[in-house]
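Q: Mind having a look at this structure? Questions to follow.
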Ligand SMILES: Cc1cc2nc3c(=O)[nH]c(=O)nc-3n(C[C@H](O)[C@H](O)[C@H](O)COP(=O)(O)O)c2cc1C
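In structure tokens, the structure reads:
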């Protein structure tokens, strides 16, 4: 416990841990993110809390598409190259193994268990350091089956991005 109860409470929320991929023209990117959730059943939409400072933010705005890459716990090493931003690791995509997703062309990262392809349908900028990007899920592919408990999460890693 710290002397900041809001921080302590926010850090109690368990999150998944994903790679958000993006594409605009010949430019592609991948970043790790945990503020990711389904946001509507009909149509099926996915919301991502995205840092305004992220390289991916501009790419998603320009390209209008993003992919949610989901990994199994056993494949956590596949996600690690994307924990650093483009500014610190300009070669992260040059060194990466990925394929273009069929519907949107966003990268499907090697080792991913599933990918959800999304087209951006909304953005909420409420004045914070992150925006909420909402995408409609237009396609998906499951490469490796798994239960939610098999999927990589921040509690599993003991990491936190909250507070
Ligand atoms: C554990 C962890 C979780 C993260 N979750 C998010 C997130 O949900 N949203 C976000 O915008 N950034 C998140 N980040 C930070 C981004 O990965 C970071 O801003 C990165 O530089 C963005 O990459 P880019 O600049 O190549 O787009 C997280 C980082 C870590 C290590």
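Residue numbers (the numbering used here): 2 to 164.
We treat Cβ as the ideally placed atom computed from N, Cα and C, and that holds for glycine.
Are the segment 25-43 and the segment 62-76 in contact at 8 Å, needing three or more beta carbon pairs?
A: The segment 25-43, when compared against the segment 62-76, does touch it at the 8 Å Cβ threshold.
Q: Just mark residue 125 as buried or exposed, buried being the case when its beta carbon has 16 or more other beta carbons within 10 Å.
A: Against the chain shown, residue 125 aligns to sequence position 124. Exposed is the call here.
Q: Taking 7 Å as the threshold (C-beta atoms), are residue 143 and residue 115 in contact?
A: For this step, residue 115 is matched to residue 114 along the chain shown. For this step, residue 143 is matched to residue 142 along the chain shown. Result yes, Cβ atoms of residue 115 and residue 143 sit closer than 7 Å.
Q: Looking at residue 59 and ligand 1, is the gap between the Cβ and the nearest heavy atom below 6 Å?
A: For the purposes of this step, residue 59 is taken as the residue at position 58 of the chain shown. Outside the cutoff, so no.
Q: Would you give the residue range spanned by the alpha helix (DSSP H) that residue 58 belongs to?
A: The residue given as residue 58 occupies position 57 in the chain shown. Looking at the DSSP string, the run of the alpha helix (DSSP H) that includes residue 58 is 56-64.
Q: How would you label residue 42, buried or exposed, when you count the other beta carbons within 10 angstroms and need 16 or more for buried?
A: For this step, residue 42 is matched to residue 41 along the chain shown. With fewer than 16 other Cβ atoms within 10 Å, it is exposed.
Q: Let me know if residue 100 comes out buried or exposed under the rule of 16 or more other beta-carbons within 10 Å of its beta-carbon.
A: Residue mapping note: residue 100 aligns to position 99 of the chain shown, counting from 1. Looking at its Cβ environment, which holds fewer than 16 other Cβ atoms inside 10 Å, residue 100 is exposed.
Q: Excluding five sequence neighbours on each side, which residues of the same chain lie with their C-beta closer than 6 Å to the C-beta of residue 106?
A: Position 105 of the chain shown holds residue 106. Around residue 106: 24.
Q: Please work out which residues of its chain come closer than 6 Å, Cβ to Cβ, to residue 104, disregarding the five sequence neighbours upstream and downstream, and give them in chain order.
A: The residue you call residue 104 lines up with position 103 of the chain shown. Contacts found: 118, 139, 140.
Q: Rounding to the nearest angstrom, what Cα-Cα distance links residue 9 and residue 38 in this structure?
A: As a position in the chain shown, residue 9 is number 8, starting the count at 1. As a position in the chain shown, residue 38 is number 37, starting the count at 1. In this structure, the alpha-carbon of residue 9 lies about 21 Å from that of residue 38.
Q: Does DSSP classify residue 110 as helix, strand or coil?
A: Counting from one through the chain shown, the residue named residue 110 turns up at place 109. In the displayed model, residue 110 falls within a strand according to three-state DSSP.
Q: Is residue 147 a contact residue of ligand 1, with contact defined as CB to any heavy atom under 6 Å?
A: Taking the chain shown and counting its residues from 1, one reaches residue 147 at position 146. Checking every heavy atom of ligand 1 against the Cβ of residue 147, none is found closer than 6 Å.
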